[in-house]
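To convert, take the position in the sequence shown, counting from 1, and add 12; that gives the numbering used here. We put the beta carbon where it would ideally sit given N, CA and C, even for glycine. See below for the structure under consideration.
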Amino acid sequence: MVIIHGGIGREERLKVQESFKHDPEVQVLLATDAAGEGINLQRAHLMVNYDLPWNPNRLEQRFGRIHRIGQTEVCHLWNLVAEETREGDVYRKLLEKLEQARQALGGQVFDVLGKLAFESNGRVSRCANC
13 MVIIHGGIGR EERLKVQESF KHDPEVQVLL ATDAAGEGIN LQRAHLMVNY DLPWNPNRLE
73 QRFGRIHRIG QTEVCHLWNL VAEETREGDV YRKLLEKLEQ ARQALGGQVF DVLGKLAFES
133 NGRVSRCANC
(Lines of atoms letter the chains of each structure in order from A; the text may use other names.)
(Lines give C-alpha, C1' and ligand atoms only; values in the text may rest on other atoms or scores of the structure.)
Protein backbone atom coordinates (compact mmCIF):
# COMPACT_ATOMS: atom_id res chain seq x y z
CA MET A 13 0.00 0.00 0.00
CA VAL A 14 1.14 3.54 -0.76
CA ILE A 15 -0.26 6.84 0.49
CA ILE A 16 -0.73 10.32 -1.00
CA HIS A 17 -1.69 13.22 1.26
CA GLY A 18 -1.17 16.96 1.38
CA GLY A 19 1.96 16.70 3.52
CA ILE A 20 3.90 14.81 0.86
CA GLY A 21 6.21 16.91 -1.27
CA ARG A 22 6.13 16.93 -5.05
CA GLU A 23 9.12 14.62 -5.54
CA GLU A 24 7.87 12.03 -3.04
CA ARG A 25 4.38 12.23 -4.52
CA LEU A 26 5.77 11.40 -7.98
CA LYS A 27 7.62 8.40 -6.49
CA VAL A 28 4.41 7.17 -4.85
CA GLN A 29 2.48 7.54 -8.12
CA GLU A 30 5.13 5.62 -10.06
CA SER A 31 5.21 2.91 -7.42
CA PHE A 32 1.43 2.47 -7.63
CA LYS A 33 1.43 2.48 -11.43
CA HIS A 34 4.32 0.09 -12.00
CA ASP A 35 5.10 -2.02 -8.89
CA PRO A 36 3.01 -5.23 -8.98
CA GLU A 37 3.45 -5.56 -5.20
CA VAL A 38 1.57 -2.29 -4.60
CA GLN A 39 -2.14 -3.13 -4.73
CA VAL A 40 -3.69 -0.21 -2.80
CA LEU A 41 -3.38 3.56 -2.99
CA LEU A 42 -4.84 5.41 0.00
CA ALA A 43 -5.29 9.07 -0.82
CA THR A 44 -6.78 12.30 0.43
CA ASP A 45 -8.04 15.01 -1.93
CA ALA A 46 -4.35 15.71 -2.60
CA ALA A 47 -4.67 12.97 -5.25
CA GLY A 48 -7.82 14.51 -6.72
CA GLU A 49 -6.22 16.50 -9.53
CA GLY A 50 -3.57 15.92 -12.13
CA ILE A 51 -3.00 12.22 -11.44
CA ASN A 52 -3.72 9.49 -13.96
CA LEU A 53 -4.45 6.23 -12.18
CA GLN A 54 -5.70 3.97 -14.95
CA ARG A 55 -4.04 1.01 -13.23
CA ALA A 56 -6.81 1.17 -10.63
CA HIS A 57 -10.37 0.18 -11.43
CA LEU A 58 -11.92 0.15 -7.95
CA MET A 59 -12.49 3.24 -5.80
CA VAL A 60 -14.01 3.59 -2.34
CA ASN A 61 -14.99 7.03 -1.02
CA TYR A 62 -15.29 7.17 2.75
CA ASP A 63 -15.83 10.91 2.70
CA LEU A 64 -17.98 12.83 0.25
CA PRO A 65 -17.32 16.34 -1.03
CA TRP A 66 -20.24 18.80 -1.08
CA ASN A 67 -19.78 19.35 -4.80
CA PRO A 68 -20.80 16.46 -7.10
CA ASN A 69 -18.25 17.69 -9.68
CA ARG A 70 -15.45 16.95 -7.21
CA LEU A 71 -16.82 13.44 -6.75
CA GLU A 72 -16.86 12.90 -10.50
CA GLN A 73 -13.34 14.32 -10.70
CA ARG A 74 -12.13 11.76 -8.15
CA PHE A 75 -13.62 8.93 -10.18
CA GLY A 76 -12.05 10.45 -13.27
CA ARG A 77 -8.59 9.64 -11.89
CA ILE A 78 -9.22 5.95 -12.67
CA HIS A 79 -11.94 6.14 -15.35
CA ARG A 80 -9.78 7.61 -18.11
CA ILE A 81 -8.68 7.04 -21.69
CA GLY A 82 -6.42 4.01 -21.60
CA GLN A 83 -8.38 2.24 -18.85
CA THR A 84 -8.76 -1.44 -19.76
CA GLU A 85 -11.03 -2.54 -16.89
CA VAL A 86 -14.62 -1.74 -15.96
CA CYS A 87 -14.37 0.83 -13.15
CA HIS A 88 -16.43 0.61 -9.96
CA LEU A 89 -16.99 3.30 -7.34
CA TRP A 90 -18.43 2.76 -3.86
CA ASN A 91 -19.51 5.68 -1.66
CA LEU A 92 -19.77 4.65 1.99
CA VAL A 93 -22.32 6.61 4.01
CA ALA A 94 -23.83 6.07 7.45
CA GLU A 95 -27.25 7.48 8.31
CA GLU A 96 -27.58 10.33 10.80
CA THR A 97 -24.00 11.50 10.28
CA ARG A 98 -22.44 14.48 8.56
CA GLU A 99 -21.72 12.19 5.62
CA GLY A 100 -25.41 11.31 5.49
CA ASP A 101 -26.23 15.02 5.29
CA VAL A 102 -23.65 15.51 2.54
CA TYR A 103 -25.09 12.54 0.69
CA ARG A 104 -28.62 14.00 0.79
CA LYS A 105 -27.32 17.35 -0.44
CA LEU A 106 -25.46 15.63 -3.29
CA LEU A 107 -28.68 13.85 -4.30
CA GLU A 108 -30.49 17.20 -4.39
CA LYS A 109 -27.72 18.83 -6.46
CA LEU A 110 -27.63 15.94 -8.92
CA GLU A 111 -31.40 16.09 -9.33
CA GLN A 112 -31.22 19.83 -10.03
CA ALA A 113 -28.49 19.23 -12.62
CA ARG A 114 -30.47 16.37 -14.15
CA GLN A 115 -33.54 18.60 -14.56
CA ALA A 116 -31.52 21.50 -15.96
CA LEU A 117 -29.66 19.27 -18.44
CA GLY A 118 -32.53 17.09 -19.56
CA GLY A 119 -31.33 13.98 -17.76
CA GLN A 120 -27.81 14.08 -19.24
CA VAL A 121 -25.96 13.68 -15.92
CA PHE A 122 -23.50 10.93 -14.98
CA ASP A 123 -24.75 9.46 -11.70
CA VAL A 124 -21.68 9.47 -9.44
CA LEU A 125 -23.82 8.27 -6.53
CA GLY A 126 -25.00 5.03 -8.16
CA LYS A 127 -27.43 2.47 -6.79
CA LEU A 128 -28.52 2.56 -3.18
CA ALA A 129 -27.90 -0.50 -0.99
CA PHE A 130 -28.94 -0.72 2.64
CA GLU A 131 -26.76 -3.00 4.73
CA SER A 132 -27.96 -5.01 7.72
CA ASN A 133 -25.87 -2.89 10.11
CA GLY A 134 -27.82 0.26 9.18
CA ARG A 135 -25.17 1.71 6.92
CA VAL A 136 -26.03 2.90 3.45
CA SER A 137 -23.75 2.33 0.50
CA ARG A 138 -24.11 3.20 -3.16
CA CYS A 139 -22.17 1.86 -6.08
CA ALA A 140 -21.81 3.88 -9.27
CA ASN A 141 -21.55 1.70 -12.38
CA CYS A 142 -22.68 -1.43 -10.53
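Around the Cβ of Leu-41, a 10 Å sphere holds 16 or more other Cβ atoms; the residue is buried. Cβ neighbours of Asp-35 within its own chain (closer than 7 Å, five residues either side excluded): none. The residues Ile-51 and Leu-53, in chain order, have a CB closer than 6 Å to that of Arg-77 in the same chain once the five nearest residues on each side in sequence are set aside.
Following the DSSP letters along the chain, one finds Val-40 in no beta strand (DSSP E), marked with neither H nor E. Following the DSSP letters along the chain, one finds Leu-58 inside the beta strand (DSSP E) bounded by residues 58-61.
Within the same chain, and ignoring the five residues on either side of Val-28 in sequence, the residues whose Cβ sits closer than 6 Å to its Cβ are Val-14 and Ile-16. The Cβ neighbour count for Leu-106, taken over all protein chains shown within 10 Å, is at least 16; the residue is labelled buried. The alpha-carbon of Ala-94 is positioned some 29 Å away from that of Glu-85. From the listed residues Val-102, Gln-73 and Ala-56, the smallest Cα separation to Gly-82 is found for Ala-56. Here Asn-67 is exposed, its C-beta having fewer than 16 other C-beta atoms within 10 Å. Ile-15 has Leu-42 as its beta-bridge partners, per DSSP.
Within the same chain, Cβ atoms closer than 8 Å to the Cβ of Val-38 are found at Met-13, Val-14, Ser-31 and Phe-32, the five residues on either side in sequence being excluded.
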